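S.K.:
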Amino acid sequence: MREVDVAVIGAGPTGLFAAYYAGFRGLSVAVVDALPEPGGQITAMYPEKLILDVAGFPAVKGRDLVANLVAQAAPFHPEYLLGTRAEKLAHVDGRPVLGLAGGDQLRCGAVVITGGLGSFTPRPLPVAESFVGGGIVYFVPEPAALADRDVLIVGGGDSAFDWALTLQPLARSVTLVHRREKFRAHASTVSRVLALPVRVIVNAELTRLHGDATVTAAEITVRGGDAETLPVDTVVAALGFTADLGPLAEWGLRLDRRHIVVDSAMATNLPRVFAAGDITEYPGKVRLIATGFGEAATAVNNAAVAIDPSAHLFPGHSSDAG
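With the sequence shown counted from 1, adding 2 to any position gets you the numbering used here.
Structure below.
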């Protein structure tokens, strides 16, 4: 059984800041997230969008904010267990033990749950299931990897149009297919995409993919019309994500709908289990990234005292260190 001082469940902005702060406090950290990349909802849904309400940044791209948070935590060497779901929680000798997907166990001094809206699962694109990993992606960690490719984006929401804006300057071609005539994306973003050399096909569906191990072409069928085959190297399935608490709902946590109830110390009703960020609920709760950062520091400081009662609740300002 592996051991760690603090296990952070969720690698979104709040979780990444919790990893930094736990490291700053001299605690060993493991960050667990079901998604394969850090960043949580930002990475999954709007990495290229400008975020305007993070203190100290008049505007910052989601991708850049995540990269900065990862860099901030890096000197403390947190262990990232990405693409791994926290399935079970037990207490052994008063300490939390996490059961991870695949059977591994993680014995923790404390747990900080920063799961945002819960576990994200991409909405499936049925026609593409056999090609996942061979040209089908649900988000794009590195847009430059799609340079000089023929890209098909499926969807009509903000993420679909954000990917179109991001990839158009890089890709050989970008085509966006949506099954309706109206889009869910913000009107200004739609206008920007329509002004670019991006082909937008409405009232249409992706009906077939061609290729062996990887995608080589896509068959698009407009409602009431014939199928058209396009050369395609990569399909971005931007159909959104479903979020739910998943196994967390079975851990015995006190819940208010899909949120975890915490007190002013960010403590849950379970011993040595804390929570921070959008997943929490308490009177007057405001769901902002900035709020999550403060809650993460509060959770970690109180977790440190739970782990070692002789520790100080407030370790001093970071500017005093070194």
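Glycine included, each C-beta is placed from N, C-alpha and C at the ideal position. Only a predicted model underlies this, so the values are computations on that prediction, with no experimental measurement involved.
Does the beta-carbon distance from residue 86 to residue 6 come in below 7 Å?
M.R.: Against the sequence shown, residue 86 aligns to sequence position 84. Against the sequence shown, residue 6 aligns to sequence position 4. Against a cut-off of 7 Å, the Cβ pair of residue 6 and residue 86 comes out as no contact.
S.K.: For residue 284, which of helix, strand or coil comes out of DSSP?
M.R.: Residue mapping note: residue 284 aligns to position 282 of the sequence shown, counting from 1. In the structure shown, residue 284 sits in coil (DSSP, three-state: anything other than H, G, I, E or B).
S.K.: Between the alpha carbons of residue 152 and residue 310, how many angstroms are there, rounded?
M.R.: Taking the sequence shown and counting its residues from 1, one reaches residue 152 at position 150. Taking the sequence shown and counting its residues from 1, one reaches residue 310 at position 308. For residue 152 and residue 310, the distance between alpha carbons rounds to 56 Å.
S.K.: Nearest-angstrom Cα distance between residue 315 and residue 164?
M.R.: As a working note, residue 315 is residue 313 in the sequence shown. As a working note, residue 164 is residue 162 in the sequence shown. In a straight line, the C-alpha of residue 315 is about 42 Å away from that of residue 164.
S.K.: Short check: CB of residue 10 to CB of residue 291, under 7 Å?
M.R.: Your numbering for residue 10 matches position 8 in the sequence shown. Your numbering for residue 291 matches position 289 in the sequence shown. The answer is no: Cβ separation not under 7 Å.
S.K.: Taking the straight line between their C-alpha atoms, what separation do you get for residue 229 and residue 242?
M.R.: For this step, residue 229 is matched to residue 227 along the sequence shown. For this step, residue 242 is matched to residue 240 along the sequence shown. Each residue's alpha carbon lies about 25 Å from the other.
S.K.: Could you give the distance in angstroms between the alpha-carbon of residue 177 and the alpha-carbon of residue 46?
M.R.: As a first step, residue 177 is located in the sequence shown; it is residue number 175 there, counting from the start. As a first step, residue 46 is located in the sequence shown; it is residue number 44 there, counting from the start. Whole-angstrom Cα-Cα distance: 20 Å.
S.K.: So who's on the other strand from residue 258, going by DSSP bridges?
M.R.: As a position in the sequence shown, residue 258 is number 256, starting the count at 1. 261, per the DSSP bridge assignment.
S.K.: Would you check if the segment 67 to 87 and the segment 15 to 25 touch, i.e. whether three or more CB-CB distances between them fall below 8 Å?
M.R.: The segment 15 to 25 is in contact with the segment 67 to 87.
S.K.: In angstroms with no decimal places, state the Cα-to-Cα distance between residue 127 and residue 210.
M.R.: On the sequence shown, position 125 is the one that residue 127 refers to. On the sequence shown, position 208 is the one that residue 210 refers to. Between residue 127 and residue 210, the C-alpha separation is close to 11 Å.
S.K.: Which ranges would you report for the beta strand (DSSP E) in the segment 18 to 83 if only whole runs of at least 3 residues count?
M.R.: With a minimum length of 3 residues, the continuous beta strand (DSSP E) runs that stay inside the segment 18 to 83 are 31 to 35.
S.K.: Just to confirm, is the Cβ distance from residue 116 to residue 12 under 7 Å?
M.R.: Translated into the one-based positions of the sequence shown, residue 116 becomes position 114. Translated into the one-based positions of the sequence shown, residue 12 becomes position 10. Cβ distance < 7 Å, so residue 116 and residue 12 count as in contact.
S.K.: Starting from residue 307, follow the alpha helix (DSSP H) in both directions and report where the run begins and ends.
M.R.: As a working mapping, residue 307 is identified with position 305 in the sequence shown. It spans 291 to 309 - the alpha helix (DSSP H) in which residue 307 sits, taken as one unbroken run.
S.K.: Beta strand (DSSP E) containing residue 195: first to last residue?
M.R.: Walking along the sequence shown from the start, residue 195 turns up at place 193. First-last for residue 195: 189 to 196, but that is the alpha helix (DSSP H), not the beta strand (DSSP E).
S.K.: Is the beta carbon of residue 299 less than 7 Å from the beta carbon of residue 8?
M.R.: Here residue 299 corresponds to residue number 297 of the sequence shown, with the count starting at 1. Here residue 8 corresponds to residue number 6 of the sequence shown, with the count starting at 1. No. Outside cutoff.
S.K.: May I ask which residues mark the beginning and end of the beta strand (DSSP E) holding residue 277?
M.R.: Counting from 1 along the sequence shown, the entry for residue 277 is found at position 275. Unbroken beta strand (DSSP E) run through residue 277: 275 to 277.
S.K.: Beta-carbon within less than 8 Å of residue 139's beta-carbon, same chain only, minus the 5 sequence neighbours each way: which residues are those?
M.R.: Within the sequence shown, residue 139 is the residue found at index 137, counting from 1. Taken in chain order, the residues that qualify are 236, 237, 238 and 239.
S.K.: What span of residues does the alpha helix (DSSP H) with residue 168 cover, start to end?
M.R.: Position 166 of the sequence shown, counting from 1, holds the residue named residue 168. It spans 160 to 169 - the alpha helix (DSSP H) in which residue 168 sits, taken as one unbroken run.
S.K.: In angstroms with no decimal places, state the Cα-to-Cα distance between residue 245 and residue 53.
M.R.: Taking the first residue of the sequence shown as 1, we reach residue 245 at position 243. Taking the first residue of the sequence shown as 1, we reach residue 53 at position 51. Rounded to the nearest angstrom, the two C-alpha atoms are 21 Å apart.
S.K.: Considering only DSSP beta bridges, list what residue 101 is partnered with.
M.R.: Here residue 101 refers to the residue found at position 99 when the sequence shown is read from its first residue. DSSP lists 90 and 107 as partners of residue 101.
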